[in-house]
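Engineer:
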Amino acid sequence: MASTNTPEPTMFISTDALLGHWQGHRRLTRRVIEMFPDDQLFTFSIGGMRTFGDLANELLSTAGPMAHGLATLEWGGYAPPKSTSKAEILRLWDEGTTADAESPRAERRRASVPGRAFTTLPPVHQRVLRERLRRISFLDGMPNTALTSTVDPDAPAPVYDLTIRAGVLHENVSELLTNKERTCFDFDGSARTVVIGAGTLEAIV
Numbered sequence: 791m792a793s794t795n796t797p798e799p800t801m802f803i804s805t806d807a808l809l810g811h812w813q814g815h816r817r818l819t820r821r822v823i824e825m826f827p828d829d830q831l832f833t834f835s836i837g838g839m840r841t842f843g844d845l846a847n848e849l850l851s852t853a854g855p856m857a858h859g860l861a862t863l864e865w866g867g868y869a870p871p872k873s874t875s876k877a878e879i880l881r882l883w884d885e886g887t888t889a890d891a892e893s894p895r896a897e898r899r900r901a902s903v904p905g906r907a908f909t910t911l912p913p914v915h916q917r918v919l920r921e922r923l924r925r926i927s928f929l930d931g932m933p934n935t936a937l938t939s940t941v942d943p944d945a946p947a948p949v950y951d952l953t954i955r956a957g958v959l960h961e962n963v964s965e966l967l968t969n970k971e972r973t974c975f976d977f978d979g980s981a982r983t984v985v986i987g988a989g990t991l992e993a994i995v
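For the sequence shown, the numbering used here begins at 791 and goes up steadily by one.
1. Mapping DSSP to helix, strand and coil, what is A998?
2. Write down the C-beta distance between R820 and W883 rounded to the nearest angstrom, noting that I regard them as a contact closer than 8 Å.
3. Can L831 and G843 be called in contact, C-beta distance under 7 Å?
4. Leaving out five residues before and five after A945 in sequence, what residues of the same chain have Cβ atoms less than 8 Å from its Cβ?
5. Excluding the five sequence neighbours on either side, which residues of its own chain have a C-beta within less than 8 Å of the C-beta of L880, listed in chain order?
6. Determine the extent of the alpha helix (DSSP H) in which L952 is found, giving its start and end residues.
7. Just to confirm my understanding: we take G987, look at its own chain, exclude 5 residues before and 5 after, and list those with CB closer than 8 Å. What are they?
8. What is the DSSP secondary structure of L937, reduced to helix, strand or coil?
9. What number of angstroms, rounded off, separates the C-alpha of H960 from the C-alpha of D828?
10. Work out the CA separation of F826 and N962 for me, nearest whole Å.
11. Return the CA-CA distance between V941 and T953, expressed in angstroms with no decimal places.
12. For I836, count neighbouring C-beta atoms within 10 Å of its own C-beta (all shown protein chains included) and say buried if the count is 16 or more, exposed if not.
13. Pick out the complete alpha helix (DSSP H) segments inside the region 959-985, 4 residues or longer, and give them in chain order.
14. Measuring CB to CB, does G886 end up less than 7 Å from A853?
15. Grab me the residues of A792's own chain with a C-beta within less than 8 Å of its C-beta, minus the 5 sequence neighbours each way, in chain order.
16. Using the Cβ count rule (16 or more neighbours within 10 Å means buried), how would you classify N934?
17. Select from M856, C974, L845, R906 the residue whose C-alpha is nearest the C-alpha of K876.
18. Between the beta-carbon of A907 and the beta-carbon of D930, is there less than 7 Å?
19. Please classify L911 as buried or exposed, where buried requires at least 16 neighbouring CB atoms within 10 angstroms.
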């Protein structure tokens, strides 16, 4: 009798290693902010580019929300802070401990959603993916659900890259099918809409 147990997905990088890599970059960036001349933080520009202070503000506005989104798959709005001094930027930077708090949840979510999608495939499909899939990535803003591209079309045994719309990670199958079906119609002001009920199974699974 075949086992019905689904094997646990294996992460390509541990949460601790990813967190250490993340924090290493944050420490290095903090040193750059700290060493930048105070009087040029919001004034020095090369060729009309944004100042380093503007760039630091943008980093502050994305790091926390990004960590939260990776952990929960909940992506909020984009609202950059308006710090106007080095001291304020450094204070907000030091308060950016979201990654530490979100780390355990990120591990569960990252392993359970895409991992489960592949480990529930029939063995022959898993074998084909192991042999032919070079890379899988998730991208926001894609007009379609997924895109497969050949790495080297002339190779005797070509391998492929697969890019999936990131929104699929937090949609169920009903939401996925409803959204796809609605793209077949043009909005004309009617109160009627298309809704497909196919259950609550995660779309990527």
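Note that the Cβ used here is the ideal one computed from N, Cα and C, for glycine as well.
Structural biologist: So, from the listed chains and residues:
1. The requested residue 998 does not occur in the structure, where the chain is confined to residues 791 to 995.
2. Yes, they are in contact, since the Cβ atoms of R820 and W883 sit about 6 Å apart, within 8 Å.
3. Contact: yes.
4. Nothing meets the Cβ criterion.
5. Result list for L880: R820, I823, E824, in chain order.
6. Here L952 belongs to no alpha helix (DSSP H); instead the beta strand (DSSP E) covers 950-955.
7. The answer, listed in chain order, is S964.
8. Note: L937 maps to strand in three-state DSSP.
9. About 43 Å.
10. Taking the straight line joining both Cα atoms gives about 47 Å.
11. The alpha-carbon atoms of V941 and T953 are separated by roughly 13 Å.
12. Within 10 angstroms of the beta-carbon of I836 lie fewer than 16 other beta-carbons, which makes it exposed.
13. For the alpha helix (DSSP H) assignment, the uninterrupted runs of no fewer than 4 residues enclosed by the region 959-985 are, from N- to C-terminal side, 963-972.
14. G886 places its beta carbon less than 7 Å from that of A853.
15. Per-residue confidence for A792 stands at a pLDDT of 49, beneath the threshold of 50, marking its modelled position as unreliable; no derived number is given.
16. So N934 ends up on the exposed side.
17. K876 has its Cα closest to that of L845, out of M856, C974, L845, R906.
18. Not in contact: A907 and D930 (Cβ atoms no closer than 7 Å).
19. The Cβ neighbour count for L911, taken over all protein chains shown within 10 Å, is under 16; the residue is labelled exposed.
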